[in-house]
Amino acid sequence: MKSMKLLAILPGNCIQSLSKNFSTGPASLQRHFKILVVGAGAGGCSVANKFAHHVGGEKVGVIEPNDEHYYQPMWTLVGGGVKKLQDSVQKMSKLLPKKGTWMKTKAVAFDPEKCTVTTAEGEEVKYEYLIVATGLQLNYNKIKGLPEAFDTDPTVCSNYDYNYVQKTWPAIQNFKGGNAIFTFPNTPIKCAGAPQKIMYLAEDWWRKNGMREKANVIFNSSLGVIFGVKKYANSLNKVIESRGMKVNYKRNLIEVRPETREAIFQNLDSPTGETETFKYEFLHVTPPMSTPDVVRDSPLVDAAGFVDVDKNTLQHKKYSNIFGIGDCTNAPTSKTAAAAAAQCGILETNLRAVMANKPMTAQYDGYTSCPLITARGKCILAEFDFDGNPLETFPINQGKERMTMYHMKKDVMPQIYWHMMMNGHWNGPGVYRKLMHLGMDGPEKQAASA
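Position 56 of the sequence shown, counted from 1, bears residue number 68 in this note's numbering, the numbering being contiguous throughout.
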């Protein structure tokens, strides 16, 4: 792939704001950073540490309001009774750059023309380069009856929230039969496999504990397929069929009535928007999601409200000193921690090139991964690119359920996340994939062997 030229030069008023001495003191009238990162999730923590190593921690600022950092991919296992919630949490102070400046506050406005981000306290923080890593927000309130139903109905749960995931395992254990419904909303979401992974874990537990004959396991999805990559969709459809689960496509949850235990779904195939009512005895809700309001209301987004980046370089399409990473961008790939990891290396290489006034050379191919747990001890490890071509790390068919892949998800990936990705030393498995495939990792080779 040919080197790409820089999209634009830094705005003139940004250049005027740069200073050789970057103030990190709380008494500063206006703080300046060479690198400002907004959001300290998987991508934000990783790139903050990468650039702290490169430019010095004192030149890196991070805006993040939360005291704790969550390894959210573990919450499927927490909800399924496999892991403890405390295993998914670490103090933010232990993960951010030691010499960096952590502003424990919210960003409330972006001004890319002035190169500033305004905080909740009204401070305009100036930057030379900005990395937007805000992730997604959960919009439970878009579903009528939520989030109130979580407080009143013990059978309603959700693995996507720190508080609500604590309800999932008790609800699975206390289920006595009837309709067990799992939902997928009509918006982009983080980890698109998670809504069905908890279904497989719940069904597996009910089967092994004598409850399966009493359970009507239903997956109501707004999508038209079980999974977006055909190879893995074929495998999942076989799992669903063999275990007697029911899938209803193009069904979007719009209301929960906890007093009658009814869930109302819009039929997305209906030209008149007709609805269907399902009784439930167990309901796992995946909420609609979007970028945070401050991002959607900014000049940084496309028409759909996502940070508008070049999908290959991750540089903003209009502002050359701004990059995006992770779930908040419009890069057309699944929103997972694995995607953020692969993007970290691309972003680092390209931003360093921009900082040195050189052409960007790194190209993101859309790599992402979704470990599709189908039971305790079984997992299909999906890995693929922008075009849905498998990009599998191991020289085996990862479209099959395997115990090795289950332990990779359960035991190995959390260690990689905490001890390599968070400190900026993990860019995904690309190097290992080349080694295991004798230097060849292109989709053509993998498609031929699938």
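We put the CB at the ideal spot given by N, CA and C, even for glycine.
{"Query": "For a minimum of 4 consecutive residues, which ranges assigned as the alpha helix (DSSP H) are wholly contained in the stretch 349 to 408?", "Result": "349 to 367"}
{"Query": "Taking C-beta to C-beta, are I337 and I143 nearer than 8 angstroms?", "Result": "yes"}
{"Query": "Counting only the same chain and skipping the five closest in sequence on each side, list residues whose C-beta sits under 7 angstroms from that of T289.", "Result": "E274, I276"}
{"Query": "Which same chain residues end up closer than 8 angstroms to P166 when comparing Cβ atoms and leaving out the 5 residues on each side of it in sequence?", "Result": "K179, P182, A183, N186"}
{"Query": "With distances taken Cα to Cα, identify the nearest neighbour of E404 among P299, K412, A394, E413.", "Result": "A394"}
{"Query": "Tell me whether K412 sits in a helix, a strand or coil according to DSSP, three-state version.", "Result": "coil"}
{"Query": "Mark L447 as exposed unless 16 or more other C-beta atoms lie within 10 angstroms of its C-beta, in which case mark it buried.", "Result": "exposed"}
{"Query": "With DSSP run on the structure shown, which of helix, strand or coil describes M434?", "Result": "coil"}
{"Query": "Can you say whether N175 is buried or exposed, counting buried as having 16 or more other CB atoms within 10 angstroms of its CB?", "Result": "exposed"}
{"Query": "For V67, I'd like the list of residues in its chain whose CB is within less than 7 angstroms of its CB, leaving aside the five on either flank, ordered along the chain.", "Result": "K46, I47"}
{"Query": "Ignore the nearest five residues each way along the sequence and tell me which others in E267's own chain have a CB closer than 7 angstroms to its CB.", "Result": "I155, K156, G157, I276"}
{"Query": "Three or more beta-carbon pairs under 8 angstroms between the stretch 418 to 429 and the stretch 80 to 94, yes or no?", "Result": "yes"}
{"Query": "Would you tell me roughly how many angstroms separate the C-alpha atoms of S234 and Q42, rounded to the nearest one?", "Result": "46 angstroms"}
{"Query": "Give, in chain order, every unbroken run of the beta strand (DSSP E) that is at least 3 residues long and sits entirely within the stretch 265 to 313.", "Result": "274 to 279, 287 to 291, 294 to 296"}
{"Query": "What is the C-beta distance between T88 and N153, in whole angstroms, given that I count them as a contact (C-beta under 8 angstroms)?", "Result": "Their Cβ separation, rounded to whole angstroms, is 23 angstroms, which puts T88 and N153 out of contact at 8 angstroms."}
{"Query": "Is the beta carbon of P299 sitting closer than 8 angstroms to the one on T164?", "Result": "no"}
{"Query": "When you compare only the Cα positions, how much space is there between S100 and L107?", "Result": "13 angstroms"}
{"Query": "With a 10 Å radius around its C-beta and 16 neighbouring C-beta atoms as the bar for buried, classify L450 as buried or exposed.", "Result": "exposed"}
{"Query": "When the Cα atoms are used, what is the spatial distance from M223 to K188?", "Result": "7 angstroms"}
{"Query": "With a Cβ-Cβ cutoff of 8 angstroms, do Y141 and M415 count as a contact?", "Result": "no"}
{"Query": "On the criterion of 16 or more Cβ atoms from any shown chain inside 10 Å, does K258 qualify as buried, or is it exposed?", "Result": "exposed"}
{"Query": "Taking the alpha-carbon of A52 as reference, which of K412, A349, M417 has the nearest alpha-carbon?", "Result": "A349"}
{"Query": "Below 8 angstroms between beta carbons: does that hold for Q278 and N264?", "Result": "yes"}
{"Query": "Does V443 come out as helix, strand or coil in the three-state DSSP assignment?", "Result": "helix"}
{"Query": "Going along the chain, which unbroken runs of the beta strand (DSSP E) with 3 or more residues stay wholly within the stretch 172 to 227?", "Result": "190 to 196"}
{"Query": "Using three-state DSSP, classify K347 as helix, strand or coil.", "Result": "strand"}
{"Query": "Are T303 and T146 close, meaning C-beta to C-beta below 8 angstroms?", "Result": "yes"}
{"Query": "Roughly how many angstroms lie between the CA atoms of S247 and Q410, to the nearest whole one?", "Result": "10 angstroms"}
{"Query": "Hey, how far is the Cα of P207 from the Cα of K390?", "Result": "17 angstroms"}
{"Query": "Run through DSSP, which three-state label would A39 get?", "Result": "Confidence in A39 is poor, its pLDDT being 39 and thus under 50, which makes the residue's placement too unreliable to answer from."}
{"Query": "Near P407, which residues of its chain fall below 7 angstroms by C-beta distance, leaving aside the five closest residues on each side in sequence?", "Result": "M448, H449"}
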